[in-house]
Amino acid sequence: MRDAADVRRRLDDHDYLADIGLSTALYLSLELGLPLLLEGEPGVGKTAAAKVLAQALDVPLIRLQCYEGLTAAEALYDWNHQRQLMAIRLSEARHEKLAEADLFSEEYLQERPILRCVRYAGPHPPVLLIDEIDRADDQFEALLLEFLGESSVTVPELGTFHAASPPVVVLTSNRSRDLHDALRRRCLYHWIDYPSPERVVEILRRTVPSAHVSLIASAARFVGHLRTLEVEKAPGISEAINWVAALSVLGATELVREDVLATLGALAKTPDDRDLVAAAVSDHAFG
Amino acid sequence: MAPSASAVLSPVDRAALAAALGDRLRRRGMPVTLTSLATFTRALEAAPPDDVESLYWTARVTLAGRADDLAIFDAVFDAVFRDAAMPVEGRRQRPPVDTGSPADVWAGLDAASGVDLPGQGLPWHTLPPVVSCDDDPPGGTAVPERLPSALAALATTPFEELDEADLARLGAWLEGALVRWPTRPTRRRRVHPHGERIALRETIARSRRTGWETMALTRTRATRQARPVVMLADVSQSMQPYATAYLHLMRAFARGGSAETFVFSTELTRVTLALRHRSAAEAVAGATRLAPDRYGGTHLAASLQALLRSRHGNTLRGSIVVIASDGWDADEPEALAAAMRRVHRRAHRVIWLNPRAAAPGFAPLVGSMAAALPYCDDFLPGDTLQRLRQVIDAIVDA
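In order, the protein sequences belong to chains W and Y. Sequential numbering of the first sequence, starting at 4, is according to our numbering. Sequential numbering of the second sequence, starting at 722, is according to our numbering.
Right, here's the structure in full:
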């Protein structure tokens, strides 16, 4: 990729409309070999950005979903203990002497996503998506520091693995917890805002090509209106896409009250929100 | 350095530019590390910006590390690169509170820290106007007694009858009273003799001592982690006699662990950072300055909604929520019930402190209190030192 505009164009080819901020962030991340930390409200396309980047670069996407209690054994590497036990029994049966180096060799090493990225053999490095890092605990953040800083993983029994070329790393966070400064320091940072109404229309046109043009315009306006109300879960872009897709499946070409009520489940995710959206439908002037 | 094609920055020393911009940002209170400045300089070389817009994104992606910094960053960037023609001589006269104006970038540290909110300098409340204890540390030269005996007399005195010195002593005692912290089990495991799950890795590592023959099994069990605590205190007119005591209670939790603390009257104000100050008097005064609406009316439901909407709303998940209020609310009881329902669904336990509940014959007849009660796990009076002790136990054992 030559520059930020090129990144933008290539993502555009894969139906992801990035603004100049995101494309600059992705370009710099590729060019400088630094991980990119994406934050933003739920449903603004953080995870989608990483997926599309992998498609645009034509490299595999390796995904690590974070959760509390995630350890090195699930994220970095693990030893194949069953095979180790077998090897011990076998060597007993054959009356051989077993050294520690025999048991802790690469043969018994199980790669987990991060080590797989570091040892990836292809011509171009893969994209590693570390999704919802805020769901993991801070001990896990500390585990990541060596990899994010040096693109290497140290296995105490074997030594340090270095990546031939640093993998493209995208971290996403919903800000349910404040990340440690040590992690932020090693990353580029980009905050994805909810896009402007015009861009929402563009995105919807691209992602739901079957939907009618006037339906998309009024749906985008209605979602924008909902975001100004006091809803518990403000609809993001992904909700808007699902909703327009649902309306389009029902054959709607205009935003009609009955259709909106029938597809409420795609927009409102709590009972209170459902009532609020239903009330907003009555107040909202369609057309 | 390679000759750059940049139209904007070609004659500029990039390192000097980065350092100067970093310095501006730091002076406005945004943390800028040396690493990020180096990254910024590398980025300028890797992608020479063609216009101010691309320079903006290059700088923002590399320098601003968190969403809270973006407002400062935008203000500084606009001031430096977008409104370059600025009247320099007028800078000190600008009101420093107006963060929207690009000019206050130039106002420097001393002016920015002098942000005045209405009511600054007043003590938190105006009970007996005796000597201010702000200057003397509690338990200083004037009070030679040891704390426990001095406190013994206060143990059953309602807070509204305490004077400022008593409250300071109460704060000092509260600081030491919190020795445990509520915990919750995590999914993380640690080796423990009473563990219930066999840890293969540790077991094999241990069998090395016995010629790879497994003699003893190593087991793990789940570790426990501090449970989040969120505390809200009502500082409206009707709660005035109790406000300082509850602030001291919240300070003990804000300092002793990682409690998030808020005060509310007509609106919600986060006071966690102010309350963490090491001097009790300073902490309470700092919290005072932050709440411009203290001793006004109460918008309890609106304040809870604001908390749920804010980014601290997620802190409520699995937490212990402590609300100190008499339940006199100007909002509709239905609104409070709706807000409490949501709080109750997110929280592990909801504890309500109502100092008026200690009065003989008390019944929650106020509409809002009656609406909120079904969603409270505990309802405690908490109007004296002795009862505050029970409150702390209730929180820690929750």
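Glycine residues also receive a C-beta, built at the ideal position from the N, C-alpha and C atoms.
Going by beta carbon distance, what residues of the same chain come within less than 6 Å of W/L131, once the five residues before and after it are set aside?
-> Apart from the 5 residues on each side of it in sequence, W/L131 sits with its Cβ closer than 6 Å to the Cβ of I65, C120, P170 and V172 in its chain, given in chain order.
For Y/A943 and Y/A686, the rounded distance between their alpha carbons = Because chain Y spans 722 through 1119 in this model, residue 686 of chain Y falls outside it and cannot be assessed.
Pick from W/D22, W/G254 and W/V280 that is closest to W/K49, judged by C-alpha positions = If we check each option's Cα against that of W/K49, W/D22 comes out closest.
According to the Cβ coordinates, are Y/D955 and Y/T1019 closer than 8 Å?
-> Less than 8 Å separates the beta-carbon of Y/D955 from that of Y/T1019.
Count the other CB atoms within 10 Å of the CB of Y/D1114; is the residue buried (16 or more) or exposed (fewer)?
-> That one is exposed.
Taking C-beta to C-beta, are W/L25 and W/H193 nearer than 8 Å?
-> A contact, by the Cβ cut-off of 8 Å.
Integer-rounded CB distance, given that W/I136 should sit under 8 Å from W/T175 | Between the beta-carbon of W/T175 and that of W/I136 there is about 7 Å, and that keeps the pair under the 8 Å contact cut.
With distances taken Cα to Cα, identify the nearest neighbour of W/Y80 among W/Q58, W/E110, W/P128 and W/R5.
-> For the residues W/Q58, W/E110, W/P128 and W/R5, the minimum Cα distance to W/Y80 belongs to W/E110.
Pick from W/D15, W/C69 and W/A76 that is closest to W/Q58, judged by C-alpha positions | Closest option to W/Q58, Cα to Cα, is W/D15.
Below 7 Å between beta carbons is the criterion; list the residues of the region 937-951 of chain Y that meet it against any residue of chain W, in chain order.
-> Listed by position, the residues of the region 937-951 of chain Y near chain W (Cβ gap below 7 Å) amount to none.
Per-residue DSSP class, three states only, for W/M273 | The sequence given here places Thr at residue 273 of chain W; Met does not occur at that position. Under the three-state reduction of DSSP output, W/T273 falls in the coil class, being neither helix nor strand.
Taking a Cβ distance cut-off of 8 Å, strictly less, list which residues of the region 757-778 of chain Y are near chain W, in chain order.
-> Contacts with chain W (Cβ-Cβ distance below 8 Å) from the region 757-778 of chain Y involve S757, T760, R763, A764, A767, A768, E774, S775 and W778, listed in chain order.
For W/A145, count neighbouring C-beta atoms within 10 Å of its own C-beta (all shown protein chains included) and say buried if the count is 16 or more, exposed if not.
-> Result: exposed.
Grab me the residues of Y/W845's own chain with a C-beta within less than 8 Å of its C-beta, minus the 5 sequence neighbours each way, in chain order.
-> The predicted model places Y/W845 with a pLDDT of 35, which falls under 50 and marks its position as unreliable; any figure quoted below should be read in that light. Cβ within range, chain order: A964, T965, L968, V1005, A1006, A1008, T1009 and R1015.
My guess is that W/A237 and W/A222 are in contact by the Cβ rule of under 8 Å, so how many angstroms apart are they, rounded?
-> W/A237 to W/A222, Cβ: 15 Å. No contact.
Between the Cα of Y/M1061 and the Cα atoms of Y/L1028, Y/T783, Y/R1077 and Y/R929, which residue gives the shortest distance?
-> Shortest Cα-Cα distance from Y/M1061 to any of Y/L1028, Y/T783, Y/R1077 and Y/R929 involves Y/L1028.
Check the Cβ-Cβ distances between W/A185 and every residue of chain Y, and say whether any is below 8 Å.
-> No, W/A185 lies away from the interface with chain Y (no Cβ there is under 8 Å from its Cβ).
Provide the residue span of the beta strand (DSSP E) that contains W/Y192, from first to last.
-> Its beta strand (DSSP E) spans residues L191 to I195.
Would you say Y/R927 reaches chain W, if we count a Cβ-Cβ gap shorter than 8 Å as a contact?
-> So no, Y/R927 is outside the interface.
Would you identify the three-state DSSP class for Y/G861, choosing helix, strand or coil?
-> Note that Y/G861 scores a pLDDT of 42, beneath 50, so its modelled location is shaky and nothing firm can be said.
Cβ contact check for the region 38-55 of chain W and the region 768-777 of chain Y: 3 or more pairs under 8 Å | Fewer than three beta-carbon pairs drawn from the region 38-55 of chain W and the region 768-777 of chain Y are found closer than 8 Å, and the two stretches are therefore not classed as touching.
Can you check the region 120-183 of chain W for any alpha helix (DSSP H) of at least 4 residues that lies completely inside it and give the ranges in chain order?
-> If only uninterrupted alpha helix (DSSP H) runs of at least 4 residues are considered, those enclosed by the region 120-183 of chain W are 141-153.
Can you tell me whether DSSP reads Y/E810 as helix, strand or coil?
-> Residue placement at Y/E810 is flagged as unreliable, the pLDDT there being 37, under the threshold of 50; a coordinate-derived value is accordingly withheld.
Continuous alpha helix (DSSP H) stretch holding Y/A785: start and end = No alpha helix (DSSP H) holds Y/A785; DSSP gives it neither H nor E.
In chain Y, which residues lie less than 8 Å from W/I23 when you measure between Cβ atoms?
-> Chain Y residues near W/I23: E774, S775 and W778.
Continuous alpha helix (DSSP H) stretch holding Y/Y967: start and end | Q961 to G977 is the extent of the alpha helix (DSSP H) around Y/Y967.
Determine the DSSP secondary structure at Y/G1007, reduced to helix, strand or coil.
-> Correct three-state label for Y/G1007: helix.
Evaluate contact between the region 781-790 of chain Y and the region 752-768 of chain Y, counting only Cβ atoms and requiring at least three cross-stretch pairs below 8 Å.
-> Yes, the region 781-790 of chain Y is in contact with the region 752-768 of chain Y.
What are the residues that DSSP puts in a beta bridge with Y/P1095?
-> Under the DSSP definition of a beta bridge, Y/P1095 lacks any partner.
Using a beta-carbon distance below 8 Å, is Y/R930 in contact with chain W?
-> No - not a single Cβ of chain W is within 8 Å of the one on Y/R930.
Euclidean distance between Cα positions of W/R13 and W/L161 | Taken atom to atom, the span from the alpha-carbon of W/R13 to that of W/L161 is near 40 Å.
Mind pulling the chain Y residues with CB within less than 7 Å of W/Q87?
-> Those are I925, listed as they occur along chain Y.
Which residue comes first and which comes last in the alpha helix (DSSP H) that contains W/L64?
-> No alpha helix (DSSP H) contains W/L64, which is instead part of the beta strand (DSSP E) from L64 to Q68.
Pair within 8 Å by beta-carbon distance, Y/F974 and Y/M960 | No, the pair does not count as a contact, with Cβ atoms beyond the cut-off.
Quick one: what's got a C-beta closer than 7 Å to W/D18's C-beta in the same chain, skipping five residues either side?
-> Short of 7 Å from the beta carbon of W/D18, and not among the five residues preceding or following it, lie these beta carbons of its own chain, in chain order: R209 and T210.
May I ask you to list, following chain order, the residues of the region 43-74 of chain W that have a beta carbon less than 8 Å from some beta carbon of chain Y?
-> Interface annotation for the region 43-74 of chain W against chain Y: Y70, E71, G72 and T74, criterion Cβ-Cβ distance under 8 Å.
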